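Visitor: Just so you know, the working numbering puts the end of the sequence shown at 397, numbered straight through with nothing missing.
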Amino acid sequence: MTWVDTHCHLQLDGRSPGELLDRATEVDWVVAPGIDAGSSRASLALAEEFPDRVLSTAGLHPHDASSWPEQRAIIEELAPSVSAIGETGLDFYRELSPRDVQETSFREQVRLGIDLGKPIIVHCRDAFSDVHRIIESAGAGPQTILHCWTGGTRWTRRFLDLGVVFSFAGPVAFETGQTIRLGAELVPPDRAMVETDTPYLAPPPHRGEQNEPAWVAHVGAALAGAWGMPVDEVAAITSANASRVFGR
Ligand SMILES: [Zn+2]
Numbered sequence: 150m151t152w153v154d155t156h157c158h159l160q161l162d163g164r165s166p167g168e169l170l171d172r173a174t175e176v177d178w179v180v181a182p183g184i185d186a187g188s189s190r191a192s193l194a195l196a197e198e199f200p201d202r203v204l205s206t207a208g209l210h211p212h213d214a215s216s217w218p219e220q221r222a223i224i225e226e227l228a229p230s231v232s233a234i235g236e237t238g239l240d241f242y243r244e245l246s247p248r249d250v251q252e253t254s255f256r257e258q259v260r261l262g263i264d265l266g267k268p269i270i271v272h273c274r275d276a277f278s279d280v281h282r283i284i285e286s287a288g289a290g291p292q293t294i295l296h297c298w299t300g301g302t303r304w305t306r307r308f309l310d311l312g313v314v315f316s317f318a319g320p321v322a323f324e325t326g327q328t329i330r331l332g333a334e335l336v337p338p339d340r341a342m343v344e345t346d347t348p349y350l351a352p353p354p355h356r357g358e359q360n361e362p363a364w365v366a367h368v369g370a371a372l373a374g375a376w377g378m379p380v381d382e383v384a385a386i387t388s389a390n391a392s393r394v395f396g397r
């Protein structure tokens, strides 16, 4: 049984990426999303160092959207060489950059993904309706990955209609994750992937520890519970979906 960890910030982890990959013996490969110009460059370097295990991305996280004018040129320059655009999106929970600035940065990264025909990795926190509106108006649904999906039934249905793919993370396995599991039940297995969001959001039984790609199986097990499906089938189908989505 092997997994694909579709969101794993190996380059933001103080630990050795090689060691984290070595002990993730059941993880075939990972995606290491950039969150700004520097970490996007580092993502590309990891993909060159571990060509069989790591895919790179280039993007600017909504937290830092205020710096889009300065970072844009570098991200656009890296974009043709990476496997996906992002992580971008909207975060109205922490709102570390003003909302209108987040929207501009997000829209322009969505446009970049469309122009290059690459998947777009989207962070969405307390911003379901705005993310929906922007993805819909750009016609970007089929190439959108909603990372760390936390929507309940209502938003899961609405985003399903746009053609997106959902990536589930630790919260689907949390004791408090019942709403997310109800949303997950509605997602057809061919529209779902799994991730750790390393080094954040470790799933039980590791909650509170620094997350790592080896623990993606705990996320997959929670999804298996929501779907009433054997874990090995969840591993196979989510891995096949990741290969299709990232063209690998
Ligand atoms: Zn992330």
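C-beta: ideal position from N, C-alpha, C; glycine also.
All of these numbers come straight from a predicted model, not from anything done at the bench.
(1) By a C-beta neighbour count over all protein chains shown, 10 Å radius and 16 as the cutoff for buried, is Ser246 buried or exposed?
(2) Buried or exposed, going by whether 16 or more other CB atoms sit within 10 Å of the CB of Pro218?
(3) Using 8 Å as the cut-off, can you tell me whether the stretch 374 to 382 makes contact with the stretch 326 to 335, which would need three or more C-beta pairs spanning the two stretches below that distance?
(4) Counting only runs that start and end within the stretch 219 to 285, where is the alpha helix (DSSP H) found for 4 or more residues in a row?
(5) According to DSSP, Asp171 sits in a beta bridge with which residue or residues?
(6) Where does the unbroken alpha helix (DSSP H) through Trp304 begin, and where does it stop?
(7) Judging by CA-CA distance, which residue of Phe308, Thr302, Leu239, Thr293 is the nearest neighbour of Arg274?
(8) Sorry if obvious, but does the Cβ on Asp201 come closer than 6 Å to a heavy atom of ligand 1?
(9) Around the C-beta of Met150, are 16 or more other C-beta atoms found within 10 angstroms, so that it is buried, or is it exposed?
(10) I'd like to check one pair, Ala389 with Gly122: are the Cβ atoms closer than 7 Å?
(11) Comparing C-alpha positions only, which one of Asn360, Glu285, Asp249 sits nearest to Ser216?
(12) Along the beta strand (DSSP E) that carries Ile294, what are the first and last residues, could you check?
(13) Does the Cβ-Cβ distance between Thr387 and Pro362 come in under 7 Å?
(14) Please list the terminal residues of the continuous alpha helix (DSSP H) segment that includes Thr328.
(15) Where DSSP assigns a beta bridge to Met342, which residues make up the other side?
(16) Counting only the same chain and skipping the five closest in sequence on each side, list residues whose C-beta sits under 6 Å from that of Val394.
(17) With distances taken from CA atoms, which of Val180, Pro229, Ala196, Ser254 is nearest Pro211?
(18) Would you mind sorting Gln359 into buried or exposed? The rule is 16 or more other CB atoms within 10 Å of its CB.
(19) What three-state label does DSSP hand Ala289 in the structure shown?
(20) Are the Cβ atoms of Asp162 and Val179 separated by less than 7 Å?
Guide: This is what the structure gives:
(1) buried
(2) exposed
(3) yes
(4) 248 to 265
(5) Its beta-bridge partners do not exist; DSSP assigns none.
(6) 302 to 309
(7) Leu239
(8) no
(9) exposed
(10) Any property of residue 122 remains undetermined from this structure, which presents the chain solely from 150 to 397.
(11) Asp249
(12) 293 to 295
(13) no
(14) 327 to 335
(15) Ser316
(16) Pro268, Val314
(17) Ser254
(18) exposed
(19) coil
(20) no
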